[in-house]
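Quick note: the sequence shown uses the working numbering, first residue 130, plus one each step.
Using N, Cα and C, we set each Cβ at its ideal position, and we do this for glycine too.
The model shown is predicted, which means the values in this text are computed figures rather than measured ones.
What follows is a short report on a single structure.
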Amino acid sequence: MILSGHTIRELQIISPFKERTKEFGMTHGLGPAGYDVRVEFDAIGCLSVMNISSNGFLLCSTIEQFHMPDDVMGIVHDKSSWARKGLTVQNTVIEPGWCGYLT
130 MILSGHTIRE LQIISPFKER TKEFGMTHGL GPAGYDVRVE FDAIGCLSVM NISSNGFLLC
190 STIEQFHMPD DVMGIVHDKS SWARKGLTVQ NTVIEPGWCG YLT
């Protein structure tokens, strides 16, 4: 079963929690059936240009922390507007009962 945005809000899974918001031309926050997370850019020191060598990678962390209930699993997918700019993620699952920041 996929949780609705209303249920995600009620379960208080994510903090800090944001309703659907648009900043720097990108949306993030609660959606109809999911939540678009944000990357902690302050940790890497910039918002505009990052040079990553061929076959390189950059490990980032989400601003949001997750507190998964014991009966809920999360699935992480790319955000298509970021993927079109060349940023993709290693898709993963968020295990039931897990608490922490996604990296």
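Compute the Euclidean distance between the alpha carbons of residue i and residue j, then round it to the nearest angstrom.
i           : j           : result
residue 155 : residue 187 : 20 Å
residue 215 : residue 226 : 32 Å
residue 204 : residue 165 : 12 Å
residue 192 : residue 167 : 6 Å
residue 236 : residue 189 : Since the first residue of the chain shown is 130 and the last is 232, residue 236 is not available in this structure.
residue 211 : residue 157 : 11 Å
residue 161 : residue 136 : 10 Å
residue 219 : residue 231 : 11 Å
residue 152 : residue 199 : 33 Å
residue 130 : residue 150 : 25 Å
Starting from residue i, follow its DSSP beta bridges and name the residues at the other end.
i           : result
residue 222 : 204
residue 155 : 152
For the alpha helix (DSSP H) that residue i lies in, which residues bound it at each end?
i           : result
residue 215 : Note, residue 215: premise wrong, no alpha helix (DSSP H); not H, not E.
residue 132 : It is not in any alpha helix (DSSP H) - residue 132 carries neither H nor E in the DSSP assignment.
For the beta strand (DSSP E) containing residue i, list its first residue and its last residue.
i           : result
residue 191 : It is not in any beta strand (DSSP E) - residue 191 carries neither H nor E in the DSSP assignment.
residue 229 : 228 to 230
residue 165 : 163 to 165
Are the beta-carbon atoms of residue i and residue j separated by less than 7 Å?
i           : j           : result
residue 197 : residue 222 : no
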